[in-house]
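Residue numbers for the sequence shown follow numbering that gives the first Met the number 0, so the first one is 0 and each next one is one higher.
Each remark here refers to the structure printed beneath this line.
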Amino acid sequence: MDNFNFALNYPLPTQSHSGLVDSLAEKLKNDPLAALKNVSEENLEKCRKIAADWLKVDSGQIAFGIGGHHIFSSIIQEFTLPGEALACEEITYNGWIEASKFLGRKIVPVKMDKDGMLPESLDEIAGREGIRGIFLMPSQHNPLCTIMPLERRKAIVEVCRRHELFIIDDDAYRFLNPNPPPSFSHLYPEGSFWIQSFTKILFPSIKTGVVVAPVQSLSRLKCALRYQSPGLTLPWLMDLISTGKVDEIILGKQEEARRRQAVAAEVLKGIPYQTQPTSFHLWLEVPEGWLPAGINVMPAIRYSSNPDSIPWAIRLTLAGESDLTRMRKGLELIASQLRPQ
Numbered sequence: 000m001d002n003f004n005f006a007l008n009y010p011l012p013t014q015s016h017s018g019l020v021d022s023l024a025e026k027l028k029n030d031p032l033a034a035l036k037n038v039s040e041e042n043l044e045k046c047r048k049i050a051a052d053w054l055k056v057d058s059g060q061i062a063f064g065i066g067g068h069h070i071f072s073s074i075i076q077e078f079t080l081p082g083e084a085l086a087c088e089e090i091t092y093n094g095w096i097e098a099s100k101f102l103g104r105k106i107v108p109v110k111m112d113k114d115g116m117l118p119e120s121l122d123e124i125a126g127r128e129g130i131r132g133i134f135l136m137p138s139q140h141n142p143l144c145t146i147m148p149l150e151r152r153k154a155i156v157e158v159c160r161r162h163e164l165f166i167i168d169d170d171a172y173r174f175l176n177p178n179p180p181p182s183f184s185h186l187y188p189e190g191s192f193w194i195q196s197f198t199k200i201l202f203p204s205i206k207t208g209v210v211v212a213p214v215q216s217l218s219r220l221k222c223a224l225r226y227q228s229p230g231l232t233l234p235w236l237m238d239l240i241s242t243g244k245v246d247e248i249i250l251g252k253q254e255e256a257r258r259r260q261a262v263a264a265e266v267l268k269g270i271p272y273q274t275q276p277t278s279f280h281l282w283l284e285v286p287e288g289w290l291p292a293g294i295n296v297m298p299a300i301r302y303s304s305n306p307d308s309i310p311w312a313i314r315l316t317l318a319g320e321s322d323l324t325r326m327r328k329g330l331e332l333i334a335s336q337l338r339p340q
């Protein structure tokens, strides 16, 4: 038998997904040339208004890309130079770490606690390192599952205003939270880039993302994004938002996460870990040198921006095994290896 997959972190489709592929095929059937041409400026403006209403921002702040990675990589390239410094939490999303290194930017780790990045540490580092901006996943951290509270967000904004730092707010998992705090774009509109991707909300092949940008930075960002466009999927996705289908899918995914979290809580009872009730992953501290046998997981070293401070921990996802029975068996195998014999 293959290893159990607890590494893949794309929240599973639910019954709400039925008909999505058919609806995309129908859209293409009605307009066969749609896949061969760019979205017109008139249709783009309609899409901006729909996205802006959904996110409760101004349509003059909206741009589109082909996913979160494309958007934050474009922000890095457009608003910093090779060799310049960007800050992030000591534990953060590995995709951002890899992209920043590939683009030749210096990564500066900032100390954190249970609520996320520490403002006083950011303040000290900003003055010392000359950083240009920061990267955060505040509304369900990957991999730590934490949700940064409103007061911490406000404190971070104060530091960023003082040092004129921009914020990349990667909210890939925000949709899994029934009542998330306000985004940084709502708290710091003049300096925040708020990214929403549909690859987690729908499925991995839907490479479409929305970014809410500072008004004064939007034209530059659009230029950086213009060579890669979501094309056919963008008007289709905006239709799904307008009809309420996206919100229906989000509620279904939250409910699926609750089901899987209930199984995890039962199987891992007595083993400390951190997560959220509607998260598809959890963070588990483990004994030094330990990795589970027969289980594919993501170790903490993949998420560490500070090579001098790497915890012994793993991220376990609850979406890699679509079959709930198989997911339970994998969790039971992990539990049996962690519990004292």
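A virtual CB, placed ideally from N, CA and C, is assigned to each residue, including glycine.
Bridge partners - Cys87, DSSP secondary structure assignment: Translated into positions along the sequence shown, residue 87 becomes position 88. Answer is Pro108 and Phe134.
For Leu186, report the span of its alpha helix (DSSP H) as first-last. Along the sequence shown, one-based indexing puts residue 186 at 187. Unbroken alpha helix (DSSP H) run through Leu186: Phe183 to Leu186.
Length of the line joining the Cα atoms of Arg152 and Lys26: For the purposes of this step, residue 152 is identified with residue 153 of the sequence shown, where counting begins at 1. For the purposes of this step, residue 26 is identified with residue 27 of the sequence shown, where counting begins at 1. Distance between the alpha carbons of Arg152 and Lys26: 41 angstroms.
Rounded separation between Pro271 and Ile130 - CA only: Here residue 271 refers to the residue found at position 272 when the sequence shown is read from its first residue. Here residue 130 refers to the residue found at position 131 when the sequence shown is read from its first residue. Rounded to whole angstroms, Pro271 to Ile130 spans 36 angstroms at the Cα level.
Nearest candidate by alpha-carbon position, reference Trp311, set Ser204, Glu331 and Ser303: For the purposes of this step, residue 311 is taken as the residue at position 312 of the sequence shown. Comparing Cα positions, the closest option is Ser303.
Between Cys267 and Thr91, what straight-line distance do the alpha-carbon atoms span, to the nearest angstrom? In the sequence shown, residue 267 corresponds to position 268, counting from 1. In the sequence shown, residue 91 corresponds to position 92, counting from 1. One detail in the question is off: residue 267 reads as Leu in this sequence, not Cys. C-alpha separation (whole angstroms): 24 angstroms.
Measuring CB to CB, does Gly64 end up less than 8 angstroms from Leu164? Stepping through the sequence shown from its first residue, residue 64 is reached at position 65. Stepping through the sequence shown from its first residue, residue 164 is reached at position 165. Between Gly64 and Leu164, the C-beta gap is not smaller than 8 angstroms, which leaves the two residues out of contact.
If you count every other CB in all the chains shown that lies within 10 Å of the CB of Val342, and 16 or more means buried, which is it? Because the chain is modelled from 0 through 340, residue 342 falls outside the range shown and cannot be assessed.
With DSSP as the reference, identify every bridge partner of Arg418, one or two as the case may be. Missing from the structure shown is residue 418; the chain here goes from 0 to 340 and no further.
May I have the straight-line CA-CA distance separating Glu119 from Ala50, to the nearest angstrom? As a position in the sequence shown, residue 119 is number 120, starting the count at 1. As a position in the sequence shown, residue 50 is number 51, starting the count at 1. So the two alpha carbons sit approximately 35 angstroms from each other.
Could you give the distance in angstroms between the alpha-carbon of Ala341 and the alpha-carbon of Leu19? Residue numbering for the chain in the displayed model covers 0 to 340; residue 341 lies beyond these limits and cannot be assessed.
Evaluate Thr277 with the Cβ neighbour count: other Cβ atoms within 10 Å of its Cβ, from every protein chain shown; 16 or more gives buried, anything less gives exposed. Numbered from 1 along the sequence shown, position 278 holds the residue referred to as residue 277. Counting Cβ neighbours within 10 Å, Thr277 comes out buried, since at least 16 surround it.
With 16 other Cβ atoms within 10 Å as the buried cut-off, status of Asp170: Numbered from 1 along the sequence shown, position 171 holds the residue referred to as residue 170. So Asp170 counts as buried.
Bridge partner(s) assigned by DSSP for Asn295: Position 296 of the sequence shown, counting from 1, holds the residue named residue 295. In DSSP, Asn295 forms a bridge with Asn4.
Restricting to Cα atoms, I'd like to know which of Leu236, Gly319 and Gly251 is closest to Asn42. The residue you call residue 42 lines up with position 43 of the sequence shown. Considering only alpha carbons, the answer is Leu236.
Met147, DSSP secondary structure in three states: Taking the first residue of the sequence shown as 1, we reach residue 147 at position 148. Correct three-state label for Met147: coil.
Expressed to the nearest angstrom, what Euclidean distance is found between the alpha-carbon atoms of Leu80 and Leu102? By one-based count along the sequence shown, residue 80 stands at place 81. By one-based count along the sequence shown, residue 102 stands at place 103. Roughly 9 angstroms separates the two Cα atoms.
Going straight from the alpha carbon of Pro353 to that of Ile309, what length do you get? In this structure the chain extends from 0 to 340, so residue 353 is not present and cannot be described.
Cβ shell of Leu121 (< 6 angstroms), same chain only, five flanking positions each side left out: As a working note, residue 121 is residue 122 in the sequence shown. Only Val109 and Val158 meet the Cβ criterion.
Just list the residues that DSSP pairs Phe192 with in beta bridges. On the sequence shown, residue 192 is found 193 positions in, with the first residue counted as 1. Within the DSSP bridge table, the entry for Phe192 names Ile167 as partners.
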